[in-house]
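Numbering-wise (UniProt numbering), the first sequence opens with residue 1 and increments by one.
Take a look at the structure below.
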Amino acid sequence: MDQHRTKRRKTKANDPSVVKIGDKTISLNAFLEPPPAKPEEKTSSAPGENGPTTDNEKGELQNSTDEICEPVSKKRSQTDSTGPASRKKKYQDTPMLKARKALPIWAYRDEIKASLRGDNDILLVVGETGSGKSTQTPQFLCEESWCRRKKVRVKSDVVGVGGMIAITQPRRVAATTLAGRVAKEMGTPLGTANEGSVGYSVRFDHKVPKGTKIKFLTEGMLLQELLRDPNLRQYSAIIVDEIHERSVDVDLITGFLKQILASDKAGRGGIPLKVVIMSATADVEKIQDFFKPDDAPSPAPLKLLKIKGRQYPVEVKHTEKPVPDIQEALVKKIFDIHQHEPLPGDILAFLTGQEEIEAAQHLIEEHCATLASNVPKLLVCPLYGQLSIQAQQDAFQPAKTKYTRKVVLATNIAETSVTVPGVRYVIDCGKAKVKQFRARLGMESLLAKAISKSSAIQRTGRAGREGPGKCFRLYTSETYDELQDADLPEILRNDVLGAVLTMKARGINDILSFPLMDFPDIEAVEKALIQLYGLGALANDGSITNIGRKLALFPVSAPYGRVLLAAATPEFDCLLEVIDVIAVVTSGETIFHQIQTEEDSERDAIEEARKGLQRREGDILTFLTTMQRYAAENADRIAWCRARRVSVRNMRQALNIRRQLRGICVKEKLLSEPPPPGPQPFVPLSPERADALLRCFMRGFATKTALLAPDSSYVTVQGKHVVAIHPSSVLHGQKKEAIMFLEHVFTQKNYAKKVSAICADWVVEAIGNETNIS
DNA sequence: GAGCACTGC
Numbered sequence: 001m002d003q004h005r006t007k008r009r010k011t012k013a014n015d016p017s018v019v020k021i022g023d024k025t026i027s028l029n030a031f032l033e034p035p036p037a038k039p040e041e042k043t044s045s046a047p048g049e050n051g052p053t054t055d056n057e058k059g060e061l062q063n064s065t066d067e068i069c070e071p072v073s074k075k076r077s078q079t080d081s082t083g084p085a086s087r088k089k090k091y092q093d094t095p096m097l098k099a100r101k102a103l104p105i106w107a108y109r110d111e112i113k114a115s116l117r118g119d120n121d122i123l124l125v126v127g128e129t130g131s132g133k134s135t136q137t138p139q140f141l142c143e144e145s146w147c148r149r150k151k152v153r154v155k156s157d158v159v160g161v162g163g164m165i166a167i168t169q170p171r172r173v174a175a176t177t178l179a180g181r182v183a184k185e186m187g188t189p190l191g192t193a194n195e196g197s198v199g200y201s202v203r204f205d206h207k208v209p210k211g212t213k214i215k216f217l218t219e220g221m222l223l224q225e226l227l228r229d230p231n232l233r234q235y236s237a238i239i240v241d242e243i244h245e246r247s248v249d250v251d252l253i254t255g256f257l258k259q260i261l262a263s264d265k266a267g268r269g270g271i272p273l274k275v276v277i278m279s280a281t282a283d284v285e286k287i288q289d290f291f292k293p294d295d296a297p298s299p300a301p302l303k304l305l306k307i308k309g310r311q312y313p314v315e316v317k318h319t320e321k322p323v324p325d326i327q328e329a330l331v332k333k334i335f336d337i338h339q340h341e342p343l344p345g346d347i348l349a350f351l352t353g354q355e356e357i358e359a360a361q362h363l364i365e366e367h368c369a370t371l372a373s374n375v376p377k378l379l380v381c382p383l384y385g386q387l388s389i390q391a392q393q394d395a396f397q398p399a400k401t402k403y404t405r406k407v408v409l410a411t412n413i414a415e416t417s418v419t420v421p422g423v424r425y426v427i428d429c430g431k432a433k434v435k436q437f438r439a440r441l442g443m444e445s446l447l448a449k450a451i452s453k454s455s456a457i458q459r460t461g462r463a464g465r466e467g468p469g470k471c472f473r474l475y476t477s478e479t480y481d482e483l484q485d486a487d488l489p490e491i492l493r494n495d496v497l498g499a500v501l502t503m504k505a506r507g508i509n510d511i512l513s514f515p516l517m518d519f520p521d522i523e524a525v526e527k528a529l530i531q532l533y534g535l536g537a538l539a540n541d542g543s544i545t546n547i548g549r550k551l552a553l554f555p556v557s558a559p560y561g562r563v564l565l566a567a568a569t570p571e572f573d574c575l576l577e578v579i580d581v582i583a584v585v586t587s588g589e590t591i592f593h594q595i596q597t598e599e600d601s602e603r604d605a606i607e608e609a610r611k612g613l614q615r616r617e618g619d620i621l622t623f624l625t626t627m628q629r630y631a632a633e634n635a636d637r638i639a640w641c642r643a644r645r646v647s648v649r650n651m652r653q654a655l656n657i658r659r660q661l662r663g664i665c666v667k668e669k670l671l672s673e674p675p676p677p678g679p680q681p682f683v684p685l686s687p688e689r690a691d692a693l694l695r696c697f698m699r700g701f702a703t704k705t706a707l708l709a710p711d712s713s714y715v716t717v718q719g720k721h722v723v724a725i726h727p728s729s730v731l732h733g734q735k736k737e738a739i740m741f742l743e744h745v746f747t748q749k750n751y752a753k754k755v756s757a758i759c760a761d762w763v764v765e766a767i768g769n770e771t772n773i774s
């Protein structure tokens, strides 16, 4: 507290030639001289003309795409008119092929091809950033003879097996942009013809032209394909990229792949499935161990290739002593870099969350205000997920004014999801917020924790994308040495409800014997099984029910799926409304931007405009009203969103999800006909229908309820915890006899989020049902 | 009175 006040007071120093931070005084005299000519030249040729909002891999691709692809795109008309057969010759010695040959992985081309010939079906590739593994490996393999589609007999049918290579990505942008890149390299640009060798498949977007040999897809997409086709018959090979990120989906995929590899291949007519596992980090013992056949007498070690990346050197500096105040150390370091390091060279600082970012921005800007007008400026750009697209873009654009150094204050979003161009200096606070599911309490926590070594290395690497860089860690080298090697895989941090349902739907009855690199806590699995049983997804013997199979088809978690099924019954008959609500709540963190930082007059106007959306029944009805009003708007939806500070991006996503859910419901005969497309007039829900909607949600969320206690606190029905209504809820600060909430997170305290007022009787009813079942 | 990041027929 005191420290905070001290900092603020010191910023009022009005000598423009010095900046005081904490107990340190930094002289800016070097900057008070007229700027030399050299930095000016450099500044005007600042890198990163158009900052790509891209995934790591994609970012590095884009940087090289521009230089490599230009000559080829000039030749485009030629290529388009020539058939695929002559393609190969045409591209001999083109600049693009030269660029491909210059990639570190090119030297391993023959080795990669050779290592999957014959009986060897699996290969591990460790390729650092910039090695070209994601774009080149599938191209090397698709020329192999084992990659051709073959007609074989499976039981009594003759079926085609193989012909395609799948390559999975954790993120959609990565899948689509890598596909575009590889398509160009192979001379069949995506989307220009109905035929081509490269395709991709991500949610809401599928481009798989006739003749596709290489298909990029998100992990979730391949998992869905596994539900329909357990033997992955269309594929000759599966390449699992970015396995080190260890998402739940990738863990499930590797489990299924291991089973396919160990099977007698009868389901594939005897044709083997080749598997390539690719990682960016070198700690591969676990993966190697996982894929060793269980019954092999003396298992040959899995073939492993390590490929160097193309990364500039980054000098790492730790603090000598632990820093007592991260904010203070950060601001000090930023001005230190600003004074001593040449321009251009932007700074990327990793912080834990929005609050820390805003506080740091405030401090930096206060100090900046004291700089003389001819001193190089600092431009602070916050960067976190809930920021509007427009605000995020600022962090990717080079500073518009000369002699300005950009400081991007980012969350983990800049670690893997996006690449900020122009960065030469990284500051790493050593922490990140992680979500952890507490199975015992049936709730999540979101708290700042120490990052892993691998995460620290990843952050460091962000300084060496465009030239040699420096990374300043706001912790000691001893602290670094004590960090965990890798982050806890998601399957050990998440609710395993979805993972267990996916396994059950794929016919895995004995969950405990399913091969997983890391097996979740037995208690977490048990909780998931009990919850699935409570939702009607599992029968008494633990096998999957018809309800369970349907739930696995919905791209939403099991409780939401259960609400969808209930909504389609005559008892509730509110499926379209439920779809609208679920579309909104699963579109992102929240659809309402915070308006705390707005000017007073602006804030009043926004609050007034939002009144038309808010319903006193709670957040579910508010989300429904928002979606319906948004969908009814046919003039300018962007302006409509802006006036209410509603997230344009999340509402677009919600509309996509709505379309998708409606489509599935028609297919599954929950809806008799698709609703008419286009904007529909807004009709407010009657109180009776609103009741039906909420009671319908009780079918999935009966356990996420709380009753008002005599002391005015809310006590959860399950677990008897005291829970507070989150400030983002329209019900915040209100007392209702009972509440139902869609999310339960511990942050500052135990919070219920996405809250609705319900009747206490409904809870009694639902609990009665529960006990009757068990 | 407060929200790390992704993803899905």
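Every residue gets a Cβ at the ideal spot worked out from N, C-alpha and C, and that includes glycine.
Please read these numbers as outputs of a predicted model, since none were measured by experiment.
Sub-8 Å separation of residue i and residue j beta-carbons
| i | j | result |
| --- | --- | --- |
| V276 | D346 | no |
| P515 | Q339 | no |
| F437 | P421 | no |
| D451 | L474 | One point to set straight first is that residue 451 is Ile, not Asp, in the sequence displayed. Not a contact, by the Cβ cut-off of 8 Å. |
| D121 | L273 | yes |
| I547 | L565 | yes |
| K286 | M517 | yes |
| V331 | A360 | yes |
| V434 | R462 | no |
| R465 | E415 | no |
| G702 | A766 | Inspection of the sequence shows that residue 702 is occupied by Ala rather than by Gly. Going by C-beta atoms, A702 is nearer than 8 Å to A766. |
| I243 | P138 | no |
| V763 | A738 | yes |
| E365 | V380 | yes |
| Q628 | T622 | no |
| V745 | S557 | no |
| K306 | A282 | yes |
| S756 | I620 | yes |
Distance between residue j and residue i (C-alpha atoms, nearest Å)
| i | j | result |
| --- | --- | --- |
| F140 | K402 | 46 Å |
| R228 | M221 | 11 Å |
| V578 | G561 | 10 Å |
| S729 | E185 | 50 Å |
| T218 | M164 | 16 Å |
| L532 | C759 | 25 Å |
| A709 | A692 | 26 Å |
| V173 | F216 | 11 Å |
| K377 | C368 | 7 Å |
| L223 | I508 | 14 Å |
| E128 | D636 | 45 Å |
| I511 | R246 | 19 Å |
| E523 | D495 | 11 Å |
| G719 | L441 | 7 Å |
| S134 | V159 | 30 Å |
| S73 | M278 | Residue placement at S73 is poorly supported in this model, since its pLDDT is 35, which falls under 50; the coordinates still yield a value, given next. Going from the Cα of S73 to the Cα of M278 covers about 30 Å. |
| residue 778 | K155 | Nothing can be reported for residue 778: it is not among the residues displayed for the chain, which extend from 1 to 774. |
| K98 | W106 | 10 Å |
| A568 | S672 | 10 Å |
In DSSP terms, what residue i is bridged to
| i | result |
| --- | --- |
| Q436 | S445 |
| N750 | F746 |
| K151 | G160 |
| V182 | Answer is none; V182 lacks a bridge partner. |
| A706 | T716, I739 |
Contained alpha helix (DSSP H) runs [length at least 4] in the segment 186-274, N- to C-terminal order: 219-228, 248-262
Unbroken stretches of the alpha helix (DSSP H), 4 residues or longer, contained in the segment 595-657: 600-611, 619-632, 637-644
In chain order, each beta strand (DSSP E) run of at least 3 residues that lies wholly inside the segment 666-698: none
Sequence ranges, beta strand (DSSP E) only - wholly within the segment 374-418, length at least 3: 377-383, 404-410
Validate contact between the segment 592-612 and the segment 654-670 using beta carbons, cut 8 Å, 3 pairs: no
Entirely enclosed alpha helix (DSSP H) segments - the segment 89-140, minimum 4 residues: 95-102, 109-115
Segments of 3+ residues assigned as beta strand (DSSP E) that fall wholly inside the segment 447-495: 469-473
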